[in-house]
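Asker: Residue numbers (the working numbering): 2 to 123.
Every residue, glycine too, gets a C-beta built ideally from N, C-alpha and C.
Remember, it's a predicted structure, so these values are computed and weren't measured experimentally.
One structure follows; several queries about it will come next.
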Amino acid sequence: MSKKRILVVDDEPDIIDIIRSRLEETNYQVISADNGEQALWIAQTARPHLILLDIYMTGINGFEVLRQLMLDRETRNIPVVMLTGDGSTQSLLKAQKLNATDYIMKPFKLDELMSHVKKYAL
2 MSKKRILVVD
12 DEPDIIDIIR
22 SRLEETNYQV
32 ISADNGEQAL
42 WIAQTARPHL
52 ILLDIYMTGI
62 NGFEVLRQLM
72 LDRETRNIPV
82 VMLTGDGSTQ
92 SLLKAQKLNA
102 TDYIMKPFKL
112 DELMSHVKKY
122 AL
């Protein structure tokens, strides 16, 4: 069975490294992007099984990336879990309105993240 591909999008390299390490040790293939433009290109070309997407990044933010993913018939069915330090109701509602699959607050526990990955990386 081939490894599930997970796209991790965050402008903080340390976050990507921590997530990558945990996912790779549990047999996932990890692709990463540090900005929204790169994330959109990778999503269209690599077809990940799941996207872990930070909301607040320089350039295109996570909400706009999510909006564009949902408009594209090639990427709209990829589950997207939003990662954010912003726990406001407004951010949560916006993510839901844009059809985010789920929402994880930073800082998160790796076990919590892994339970989301196992649930959605189909």
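Can you give the Cα-Cα distance for Ile79 and Glu25, rounded to whole angstroms?
Answerer: 20 Å
Asker: Using CA coordinates, which residue listed in Leu70, Glu65, Asp103 and Phe109 is at the minimum distance from Met83?
Answerer: Comparing Cα positions, the closest option is Asp103.
Asker: When you compare each of Asp73, Glu38 and Arg6 to Arg48 by their alpha carbons, which one comes out closest?
Answerer: Arg6
Asker: What are the start and end residues of the beta strand (DSSP E) that includes Ala34?
Answerer: For Ala34, the enclosing beta strand (DSSP E) stretches over residues Gln30 to Ala34.
Asker: With burial defined as no fewer than 16 other Cβ atoms inside 10 Å of the residue's Cβ, what is the status of Thr85: buried or exposed?
Answerer: buried
Asker: Do the stretch 85-99 and the stretch 7-23 meet, that is, are 3 or more Cβ pairs less than 8 Å apart?
Answerer: Contact fails: fewer than three Cβ-Cβ distances are below 8 Å.
Asker: Could you have a look at Asp112 and say whether DSSP puts it in helix, strand or coil?
Answerer: If DSSP states are grouped into helix, strand and coil, Asp112 belongs with the helices.
Asker: Using only the heavy atoms of the ligand MG, determine whether one of them is closer than 7 Å to the beta carbon of Ile19.
Answerer: Of ligands this structure carries none, so the ligand MG is not represented either.
Asker: Alpha carbon to alpha carbon, how far is Asn36 from Ile61?
Answerer: 7 Å
Asker: What runs of the beta strand (DSSP E), each 3 residues or longer, lie entirely inside the stretch 30-71?
Answerer: 30-34 and 51-55
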